[in-house]
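So the protein lines, in turn, are chains A and B.
The numbers in the working numbering rise by one with no breaks, and the one at position 126 of the first sequence is 131.
The numbers in the working numbering rise by one with no breaks, and the one at position 280 of the second sequence is 265.
Notes to accompany the following structure.
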Amino acid sequence: MNCAILTLLATLPGPSPLESARTEFEAGIELRSNADAARPHFLAAARAYDDAWETGPQSASLARNRARAWYLANDRPRAIFALREALELWSWDADLQRELQLCRDEVRFPTPMLNQWRNRVSPWDLFVISSVASTVFGVGLFLRMIGFRRRATICIGIGAMGLLGVGIIAVQIQKEPPLHPFAVVASDTVMRTGNATLYPPRLPSEIPAGTEVNVIAERGGWVQIECADGVRGWVPMSEVILKGGSSNRP
Amino acid sequence: MSAIGSKLAFALVAVASATSSVYAQPTVKDIPPIERNAEDFYHAIAGNRPIAGRWEAEPSRVPLGSDIALSLIVEHSENPTELLRPDLRQFPAFTERFQILESDVPPESNGSAVRFTFLLRPRTIGEIEIPSLKYRYYRPAFPLGKRMQTTYARPIAVSVTPPPPKPAVPIVAPESFFSLAPETSTPRTVPQNLWLIPPVLAVLAAIVAHVVFRRFYPDAARRMAWLRNRAAREALRALHTKSLDETQVFAVVHSYWVNRWQLPPEARTQREIAVSLPPGIAESAARFTEQCDAARFGEASDNSMSLANVAMDLIERWEAAA
């Protein structure tokens, strides 16, 4: 009898990663006045959000919650990584950008700028502006066809200017350099001139944890990275958080 | 007398020099190398009394995580300045129980006693024994072969209590991070060229609308009639909905004549209107102009409301007759 009950319990579906993440996060908030007690809850929430991010539908709000959980679990590099990963999908999202800026505040190292057109204008913005301009343009065309020349000229002019503006912005976005694969430095580490410890350091000081870098190449357990100020060097793979990398997961 | 005195003085000097040569302070250099390099020998040389070593721990009761100042006191050494400091890191009995920290306290010498201080951090909670230390020393007064003697610093116990609970420290983070972001459904990806669809659709819609329009108004004459009817509709709407004075009523009707019946805009007098409008409506239009003039210049009692009603009635009749 007991075995049957245990078997039945085992077959029942457990809480989804999102539900358990929410529960842990709220438990952490309850204990926020005691960091030692709260952080394990935030850590559990962050791991559950990671699972939800990898397995379930992704959204900007999920990314923000994931980053917040990592931040409150005292793992700022992972919070930065979560936000950067989301900004690859929704580069124009102002909330993601603002939270990334908050996480970056204590990283004393050059960080990539978020001032490109793709960080300001979303495809939806272009679509809405284009729709309005196209409607005005279409009405103008119709008026022109049925003989209202003066009003048609005004409508066509306004619509065409709107569409021209949208086109210029779209071309600017297309011309922006493509996004590199990125990584976030997990802990203070020495950047070297080659992919072994026998090579001398590239910089006089260590790269601080939380620094965002572009990944140029990988070889023999080392990653060649490029900092925001253009300096290139090698760091051990275990010292950076890479997309899809599980070896450096805490 | 002086000879006896000088002999005595000589004898005293001789005794003194002999005594100083017998009691000259021994040094490590005097010890043969094979004994000098013996294990657990820290260069202590004993005189008449044997060397004694002992531990002292301060404090003897500490919470976990705190440090203990452990002193090794070596007594009765003839060469206190030459004594070596034992390296406790070499003894597993110490390193298993304590973390040996760097200590910058120099040896303290007090006569023949020397104190070496070590800084230890216990690894576990409970009664922990500081192990005994084997301490070999050299005793030159003994016969050859028995000069290396051994003593021990006897073990003592220290008590390590659980660490006191840490004061609760709140998490420091931006306040907005202490709440969950509301769940929103964000599309996974958005095509970058989505904006190209509306212009194409707009052009197509304009063409379709034009085709439909031409279907309902297949020729230009009917198109113009539609436009003219629109002028009548606008005039009726203006007369019906707005409270207009006499001048405005006339302006609305005049605008209707201009748009609907191609009256030259400059034709404003009764005579000009009668001449310019088609014969079917010229007479009634001239009469209406006369009424308006009378109302405007006080020659009749028609107010603006009745004028507006007259105007609406006339427009409907003209449209019906057209």
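Note that beta-carbon positions come from the ideal geometry of N, C-alpha and C, so glycine has one too.
What number of angstroms, rounded off, separates the C-alpha of Arg44/A from the C-alpha of Phe162/B?
Translated into the one-based positions of the first sequence, residue 44/A becomes position 39. Translated into the one-based positions of the second sequence, residue 162/B becomes position 177. Going from the Cα of Arg44/A to the Cα of Phe162/B covers about 14 Å.
Per DSSP, what are the beta-bridge partners of Arg237/A in this structure?
Indexing the first sequence from 1 puts residue 237/A at position 232. Paired residues: Glu231/A.
Could you tell me the distance, in whole angstroms, from the CA atom of Gly145/A to the CA atom of Met166/A?
Start at 1 with the first residue of the first sequence, and residue 145/A comes out as number 140. Start at 1 with the first residue of the first sequence, and residue 166/A comes out as number 161. Answer to the nearest angstrom: the Cα atoms are 13 Å apart.
Does DSSP classify Val0/B as helix, strand or coil?
The sequence position of residue 0/B within the second sequence is 15, counting from 1. Legend: pLDDT at Val0/B = 43, less than 50; position of this residue unreliable, value from coordinates given subsequently. Val0/B falls in the helix class under three-state DSSP.
Could you check what DSSP says for Arg37/A in three-state terms: helix, strand or coil?
Within the first sequence, numbered from 1, the residue matching residue 37/A stands at position 32. DSSP places Arg37/A in coil when its eight states are reduced to three.
Using the beta-carbon of each residue, which ones in chain A are nearer than 9 Å to Thr109/B?
Position 124 of the second sequence, counted from the first residue, corresponds to residue 109/B. Within 9 Å Cβ-Cβ: nothing; Thr109/B doesn't reach chain A, min ~21 Å.
When the Cα atoms are used, what is the spatial distance from Gly238/A to Pro205/A?
Locating residue 238/A in the first sequence gives position 233, counting from the first residue. Locating residue 205/A in the first sequence gives position 200, counting from the first residue. Computed Cα separation, rounded: 10 Å.
I need the DSSP call for Arg207/A, collapsed to helix, strand or coil.
In the first sequence, the residue the question calls residue 207/A occupies position 202. If DSSP states are grouped into helix, strand and coil, Arg207/A belongs with coil.
Here's the rule: buried if 16 or more other CB atoms are within 10 angstroms of the residue's CB, otherwise exposed. What is Phe135/B?
Here residue 135/B refers to the residue found at position 150 of the second sequence. In the sequence as presented, Phe is not what sits at residue 135/B; that position holds Thr. It is exposed - the Cβ of Thr135/B has fewer than 16 other Cβ atoms within 10 Å.
Would you please verify whether the beta carbon of Lys151/B is less than 8 Å from any beta carbon of chain A?
The residue given as residue 151/B occupies position 166 in the second sequence. Judged by the 8 Å Cβ criterion, Lys151/B is in contact with chain A.
Where does Arg106/B sit, in a helix, a strand or coil, going by DSSP?
As a first step, residue 106/B must be located in the second sequence, where it is residue number 121. Three-state DSSP puts Arg106/B in a strand.
Drop a sphere of 10 angstroms on the beta-carbon of Trp303/B, count the other beta-carbons inside from all chains shown, and report buried for 16 or more, exposed for fewer.
As a first step, residue 303/B must be located in the second sequence, where it is residue number 318. Answer is buried; the Cβ neighbour count reaches 16.
In terms of residue numbering, what span does the alpha helix (DSSP H) encompassing Leu168/A cover?
Translated into positions along the first sequence, residue 168/A becomes position 163. Segment Arg154 to Lys180, the alpha helix (DSSP H) holding Leu168/A.
Buried or exposed for Leu208/A, going by 16 or more other Cβ atoms inside 10 Å?
Locating residue 208/A in the first sequence gives position 203, counting from the first residue. Per the 10 Å Cβ criterion, exposed.
Do Val189/A and Glu217/A count as a contact pair if the criterion is CB distance below 8 Å?
For the purposes of this step, residue 217/A is taken as residue 212 along the first sequence, with counting starting at 1. For the purposes of this step, residue 189/A is taken as residue 184 along the first sequence, with counting starting at 1. The answer is yes: Cβ separation under 8 Å.
Give the residues of chain B in contact with Phe30/A, contact being defined as C-beta atoms less than 7 Å apart.
Translated into positions along the first sequence, residue 30/A becomes position 25. In chain order: Leu165.
With a threshold of 8 Å between beta carbons, is Val260/B in contact with chain A?
For this step, residue 260/B is matched to residue 275 along the second sequence. Answer no: the Cβ-Cβ gap between Val260/B and chain A never drops below 8 Å.
Please decide whether Leu49/B counts as near chain A, where near means a Cβ-Cβ distance under 8 Å.
To locate residue 49/B, count along the second sequence from 1; it is residue 64. Chain A, which has no Cβ nearer than 8 Å to the Cβ of Leu49/B, makes this no.
Anyone know if the C-beta pair for Asp193/A and Ile174/A falls short of 8 Å?
Looking up residue 193/A in the first sequence gives position 188. Looking up residue 174/A in the first sequence gives position 169. Not in contact: Asp193/A and Ile174/A (Cβ atoms no closer than 8 Å).
With a Cβ-Cβ cutoff of 8 Å, do Ala74/A and Ala40/A count as a contact?
Stepping through the first sequence from its first residue, residue 74/A is reached at position 69. Stepping through the first sequence from its first residue, residue 40/A is reached at position 35. No.
Does the Cβ-Cβ distance between Pro48/B and Pro147/B come in under 8 Å?
Translated into positions along the second sequence, residue 48/B becomes position 63. Translated into positions along the second sequence, residue 147/B becomes position 162. Taking 8 Å as the Cβ cut-off, Pro48/B and Pro147/B qualify as a contacting pair.
For Phe114/A and chain B, any beta-carbon pair shorter than 8 Å?
The residue given as residue 114/A occupies position 109 in the first sequence. It does not; no Cβ of chain B falls within 8 Å.
Which residues in chain B sit within 9 Å of Thr140/A, going by Cβ to Cβ distance?
As a first step, residue 140/A is located in the first sequence; it is residue number 135 there, counting from the start. Residues of chain B passing the Cβ test: Pro183, Ala187 and Ala190.
If Gly143/A sits next to Ala187/B, beta carbons under 8 Å apart, how far is it from one beta carbon to the other, in whole angstroms?
In the first sequence, counting from the first residue as 1, residue 143/A sits at position 138. In the second sequence, counting from the first residue as 1, residue 187/B sits at position 202. Their Cβ separation, rounded to whole angstroms, is 3 Å, which keeps Gly143/A and Ala187/B in contact under 8 Å.
Kindly provide the ranges of any alpha helix (DSSP H) runs that are 4 or more residues long and lie completely inside the region 220 to 293 of chain B, ordered along the chain.
You should have 231 to 246, 255 to 261 and 264 to 281.
Taking the alpha helix (DSSP H) that Pro128/A belongs to, which residues open and close that run?
Position 123 of the first sequence, counted from the start, is the residue given in the question as residue 128/A. Pro128 to Ile151 is the extent of the alpha helix (DSSP H) around Pro128/A.
For the alpha helix (DSSP H) containing Ile192/B, name the first residue and the last one.
As a working mapping, residue 192/B is identified with position 207 in the second sequence. Taken as a continuous stretch (DSSP letters only), the alpha helix (DSSP H) holding Ile192/B covers Ile182 to Phe201.
Is there a C-beta anywhere in chain A that falls below 8 Å from the one on Val197/B?
For the purposes of this step, residue 197/B is identified with residue 212 of the second sequence, where counting begins at 1. False, the Cβ-Cβ gap to chain A never drops below 8 Å.
In the DSSP output, which residue or residues are listed as bridge partners for Ala188/A?
If you number the first sequence from 1, residue 188/A lands on position 183. Val218/A and Leu247/A.
For Thr28/A and Asn178/B, what's the separation of their Cα atoms in angstroms?
Position 23 of the first sequence, counted from the start, is the residue given in the question as residue 28/A. Position 193 of the second sequence, counted from the start, is the residue given in the question as residue 178/B. Taking the straight line from one Cα to the other gives about 40 Å.
Using a C-beta cutoff of 8 Å, does Pro20/A count as contacting chain B?
Numbered from its first residue, the first sequence carries residue 20/A at position 15. Taking Cβ atoms only, chain B never reaches closer than 8 Å to Pro20/A, which makes this a no.
Does the beta carbon of Gly2/A come closer than 8 Å to any beta carbon on chain B?
A query on residue 2/A cannot be resolved here, the shown segment of chain A reaching from 6 to 255 and no further.
Work out the CA separation of Asn64/B and Val7/B for me, nearest whole Å.
Your numbering for residue 7/B matches position 22 in the second sequence. Your numbering for residue 64/B matches position 79 in the second sequence. Residue confidence for Val7/B is low, a pLDDT of 46 falling below 50, so the modelled location carries little weight; the figure read from the coordinates is stated next. Roughly 16 Å separates the two Cα atoms.
If I'm right that Arg70/B touches Ala138/B with Cβ under 8 Å, what's the distance once you round it to whole angstroms?
Sequence index remark: in the second sequence, residue 70/B carries index 85 (1-based). Sequence index remark: in the second sequence, residue 138/B carries index 153 (1-based). Not quite, the Cβ-Cβ distance comes to about 13 Å (not below 8 Å), so this is no contact.
Is Ser96/A helix, strand or coil when you go by DSSP?
Locating residue 96/A in the first sequence gives position 91, counting from the first residue. Coil, per DSSP.
Return the chain-ordered list of same chain residues with a C-beta closer than 6 Å to the C-beta of Ile85/A, the five sequence neighbours on each side being excluded.
The residue labelled residue 85/A in the question sits at position 80 within the first sequence. The answer, listed in chain order, is Cys108, Val189 and Gly215.
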